[in-house]
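Per our numbering, residue 80 is the first one in the sequence shown, and the count goes up by one each step.
The beta carbon of each residue, even a glycine, is placed where N, CA and C say it ideally should be.
Note that the structure is a prediction, hence the values are computed from the model and not measured.
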Amino acid sequence: MLTPPRTIVRREAGLYALERALQRRGFRYVAGADEAGRGACAGPLVAAAAILPEGRRGEIDGLADSKLLTPASRERVYDEVVARALAYAVVVIPAEEVDARGLHVCNLAAMRRALASLTTRPEYVLTDGFGVDGLDVPGLAVWKGDRVAACVAAASVLAKVTRDRIMVELDETYPAYGFAEHKGYITPEHTAALREHGPCREHRFSYVNVATVSGRDGSPPRARRPAPVVGHAAAADLPDALFSDIRDMPSGDVAGASEEGSDEPMERFWAPGSTVGVALGERPRPPAPVGEDVVMEGGER
Numbered sequence: 080m081l082t083p084p085r086t087i088v089r090r091e092a093g094l095y096a097l098e099r100a101l102q103r104r105g106f107r108y109v110a111g112a113d114e115a116g117r118g119a120c121a122g123p124l125v126a127a128a129a130i131l132p133e134g135r136r137g138e139i140d141g142l143a144d145s146k147l148l149t150p151a152s153r154e155r156v157y158d159e160v161v162a163r164a165l166a167y168a169v170v171v172i173p174a175e176e177v178d179a180r181g182l183h184v185c186n187l188a189a190m191r192r193a194l195a196s197l198t199t200r201p202e203y204v205l206t207d208g209f210g211v212d213g214l215d216v217p218g219l220a221v222w223k224g225d226r227v228a229a230c231v232a233a234a235s236v237l238a239k240v241t242r243d244r245i246m247v248e249l250d251e252t253y254p255a256y257g258f259a260e261h262k263g264y265i266t267p268e269h270t271a272a273l274r275e276h277g278p279c280r281e282h283r284f285s286y287v288n289v290a291t292v293s294g295r296d297g298s299p300p301r302a303r304r305p306a307p308v309v310g311h312a313a314a315a316d317l318p319d320a321l322f323s324d325i326r327d328m329p330s331g332d333v334a335g336a337s338e339e340g341s342d343e344p345m346e347r348f349w350a351p352g353s354t355v356g357v358a359l360g361e362r363p364r365p366p367a368p369v370g371e372d373v374v375m376e377g378g379e380r
């Protein structure tokens, strides 16, 4: 029995070459998955998955690794991905969940959930950097996948724009830290604010720099987060809400909301009116005046 010839996809062939090669091999629906916020010490981890259409409709002008785009370009590309994608999904994992489960576990779980939540079932999956197990379709981990495969680049834009918007909103609640500018990444300004004010509830206490200023650096990473404030939903209540199947949850339902009668809402890591955990078919909001988190994500000002 003859085996088919190897397919060689050269990097210089362009952003769409890998998907087109897979489609010629019979994998019509190729999904890409990526995340934003691994290197941040504050705010949520956000993962996204996307399937772009075949042919010219799936070719988005200016699509690239989200870290290489200006804020205005990312917003424009985000709108195009949302408008053109056959399916897309975004998963938000709050900081306390990252502390409780660990960054890598949450990263894999978030990408797995995003892929499982796609309304069009993928036939092949491309991920950025490392593979995601537990999928029932073939897949490939692509080094710097957001610069090699269009569907991964699309997912990176979805994840980054969603996370940037969340951090801009959190800046209104915690203005002392400058979240709107550095998006929770470790910059000199963020470090100075941490030393002056100490961490807030949106910081990741499992990270060494946060644990040090909080005085909890001698504790194991997953035991560093302070106990929840009385009157708030416990962080231990969040995993079921975030990792159970909530695709049928109506938009506007809130998991982990504060208890009735509480004077202060629990930290708002989501946008009002959105679906907590998984956002399916989210319509883009007006562009926010966001800055660049280039320090931790490899770009230059």
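(message) Can you give me the C-alpha to C-alpha distance between Pro-217 and Tyr-203, rounded to a whole angstrom?
(response) Within the sequence shown, the letter at position 138 stands for residue 217. Within the sequence shown, the letter at position 124 stands for residue 203. Cα to Cα, the separation comes out at about 5 Å.
(request) Taking only beta-carbon positions, decide if Ala-220 is within less than 8 Å of chain B. (result) Of the protein chains in the structure, only one exists, and it is not chain B.
(message) Rounded to whole angstroms, what is the Cα-Cα separation between Ala-306 and Gly-93?
(response) As a working note, residue 306 is residue 227 in the sequence shown. As a working note, residue 93 is residue 14 in the sequence shown. Each residue's Cα considered, the two are about 50 Å apart.
(message) Looking only at its chain, what residues have a beta carbon closer than 6 Å to the beta carbon of Glu-91, apart from the 5 residues adjacent to it on each side?
(response) As a first step, residue 91 is located in the sequence shown; it is residue number 12 there, counting from the start. Confidence is the limiting factor: at Glu-91 the pLDDT is only 49, short of 50, which leaves the residue's position unreliable and the question unanswerable from this model.
(request) Hey, could you find the ends of the alpha helix (DSSP H) Tyr-157 is sitting in? (result) Locating residue 157 in the sequence shown gives position 78, where the first residue counts as 1. From DSSP, the alpha helix (DSSP H) with Tyr-157 extends over 150-163.
(message) Beta-carbon within less than 7 Å of Leu-237's beta-carbon, same chain only, minus the 5 sequence neighbours each way: which residues are those?
(response) The residue given as residue 237 occupies position 158 in the sequence shown. If we look at Leu-237 and ignore the five residues flanking it on each side, its Cβ neighbours are Ala-127, Ala-129, Tyr-157, Val-160, Tyr-167 and Val-169.
(message) Below 8 Å, how does it come out for the segment 259-278 and the segment 106-124: are there three or more Cβ pairs, yes or no?
(response) yes
(request) Run the CB neighbour count on Gly-105, radius 10 Å, all protein chains shown included, and call it buried at 16 or more, exposed below. (result) Reading the sequence shown from its first residue, position 26 is the one you call residue 105. Counting Cβ neighbours within 10 Å, Gly-105 comes out exposed, since fewer than 16 surround it.
(request) Give me whichever residues DSSP pairs with Ile-172 in a beta bridge. (result) Here the question's residue 172 lines up with position 93 in the sequence shown. Answer by DSSP bridge pairing, in chain order: Leu-124.
(request) To the nearest angstrom, report how far apart Met-328 and Val-171 are at their CA atoms. (result) Taking the sequence shown and counting its residues from 1, the one referred to as residue 328 is at position 249. Taking the sequence shown and counting its residues from 1, the one referred to as residue 171 is at position 92. Below a pLDDT of 50, predicted positions are generally treated as unreliable, and Met-328, at 31, falls in that range; no measurement from the model is reported.
(request) Can you check DSSP and say which residues form a bridge with Thr-206? (result) The residue given as residue 206 occupies position 127 in the sequence shown. BP columns for Thr-206 point to Ala-112 and Ala-220.
(message) Taking the alpha-carbon of Asp-215 as reference, which of Arg-200, Glu-248, Ala-162 and Leu-131 has the nearest alpha-carbon?
(response) Against the sequence shown, residue 215 aligns to sequence position 136. With distances taken between Cα atoms, Asp-215 lies closest to Arg-200.
(message) Which residue marks the beginning of the alpha helix (DSSP H) containing Leu-94, and which one marks its end?
(response) Taking the first residue of the sequence shown as 1, we reach residue 94 at position 15. From DSSP, Leu-94 is part of no alpha helix (DSSP H); its letter is neither H nor E.
(request) Can you grab the Cα-Cα spacing for the pair Ser-196 / Met-190, in whole Å? (result) The residue labelled residue 196 in the question sits at position 117 within the sequence shown. The residue labelled residue 190 in the question sits at position 111 within the sequence shown. When rounded, the distance between both Cα atoms is 10 Å.
(message) What does the Cβ neighbour count give for Val-177, buried or exposed, with the cut at 16 atoms within 10 Å?
(response) Here the question's residue 177 lines up with position 98 in the sequence shown. Its Cβ being crowded by 16 or more others within 10 Å, Val-177 is buried.
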